[in-house]
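K.L.:
Dumping the structure here so I can ask a few things about it.
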Amino acid sequence: MSPGIVGRLFREFAVTLSVAIGVSLFVSLTATPMSVRAFPTHRTWWPRLRLSLAEGLFNGLVMFTTVAAGHSSPPVAVSLITIGTVILTGYMIRRSPKAFSHSRTPDAVNGYIQGDQDISFAAIPTSSASNAILMKDPAVDTVTAFTGGGNGTSTSRMFAQ
Numbered sequence: 460m461s462p463g464i465v466g467r468l469f470r471e472f473a474v475t476l477s478v479a480i481g482v483s484l485f486v487s488l489t490a491t492p493m494s495v496r497a498f499p500t501h502r503t504w505w506p507r508l509r510l511s512l513a514e515g516l517f518n519g520l521v522m523f524t525t526v527a528a529g530h531s532s533p534p535v536a537v538s539l540i541t542i543g544t545v546i547l548t549g550y551m552i553r554r555s556p557k558a559f560s561h562s563r564t565p566d567a568v569n570g571y572i573q574g575d576q577d578i579s580f581a582a583i584p585t586s587s588a589s590n591a592i593l594m595k596d597p598a599v600d601t602v603t604a605f606t607g608g609g610n611g612t613s614t615s616r617m618f619a620q
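Per our numbering, the very first residue in the sequence shown carries number 460; after that it's consecutive.
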């Protein structure tokens with residue numbers, strides 16, 4: 460399972476789907492047979508007409524399926540196509556990306572320093588001091604920082620990669 464937000468989303472979706480299938484199974488095995496049993500047994504012309512129309516459609520569908528199956532490829536070819544489709548599906552699932560979108564800046568860290576409202580621009584912690592601290596880490600390649608801008612002049616922002 461994927462880690463992070465995407466993994467949580469898929470886990471919750473899987474639980475929801477499993478519960479929905481379980482409820483559907485329970486209803487189809489209990490409530491549906493009981494409700495069918497509750498139908499009246501006497502016949503009038505209207506239910507007979509509806510039943511004959513439904514039976515005609517069902518019988519036509521069965522006949523179409525039987526004819527179509529008789530004209531299909533040999534069973535060995537159909538089995539090979541099915542196995543090939545399953546293998547191709549597994550291959551495509553393994554090759555597909557596991558996240559919804561890729562990050563535009565991989566392994567990037569953003570930092571933000573905010574001073575008091577009454578601090579002067581010159582008294583803001585210098586970006587060179589912050590850069591030196593970040594550059595001591597061997598995993599950091601570059602650091603870019605600037606002071607001011609945004610919601611006031613008492614801020615300093617830095618981006619490390």
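From the three backbone atoms N, C-alpha and C, an ideal C-beta is built for every residue, glycine too.
Helix, strand or coil for residue 572 per DSSP?
P.N.:
Of the three classes helix, strand and coil, the one that applies to residue 572 here is strand, per DSSP.
K.L.:
Note down the Cα distance separating residue 590 from residue 575, rounded to an integer number of angstroms.
P.N.:
21 Å
K.L.:
By the three-class DSSP mapping on this structure, what secondary structure does residue 602 have?
P.N.:
strand
K.L.:
Between which two residues does the beta strand (DSSP E) harbouring residue 548 extend?
P.N.:
Note, residue 548: premise wrong, no beta strand (DSSP E); alpha helix (DSSP H) at 534 to 554.
K.L.:
Check residue 614 in the structure and name its three-state DSSP category.
P.N.:
Residue state for residue 614 is assigned as strand, using DSSP reduced to three classes.
K.L.:
Can you give the Cα-Cα distance for residue 520 and residue 534, rounded to whole angstroms?
P.N.:
21 Å
K.L.:
Is the distance from the Cβ of residue 620 to the Cβ of residue 606 below 8 Å?
P.N.:
no
K.L.:
Roughly how many angstroms separate the alpha carbons of residue 594 and residue 554, rounded to a whole number?
P.N.:
36 Å
K.L.:
I'd like the list of long-range same chain contacts for residue 618, defined as Cβ closer than 8 Å, with 5 residues on each side in sequence excluded.
P.N.:
Here the set comprises 567, 568, 569, 570, 602, 603 and 604.
K.L.:
What does residue 567 pair with, by DSSP beta-bridge criteria?
P.N.:
The partner list for residue 567 (beta bridge, DSSP) is empty, contrary to what the question assumes.
K.L.:
Assign residue 613 to one of two classes, buried (16 or more other C-beta atoms within 10 Å of its C-beta) or exposed (fewer than that).
P.N.:
Classification for residue 613: buried.
K.L.:
Is the beta carbon of residue 615 less than 8 Å from the beta carbon of residue 572?
P.N.:
yes
K.L.:
Which value, in whole angstroms, describes the spacing of the CA atoms of residue 588 and residue 467?
P.N.:
39 Å
K.L.:
In whole angstroms, what separates the C-alpha of residue 529 from that of residue 513?
P.N.:
24 Å
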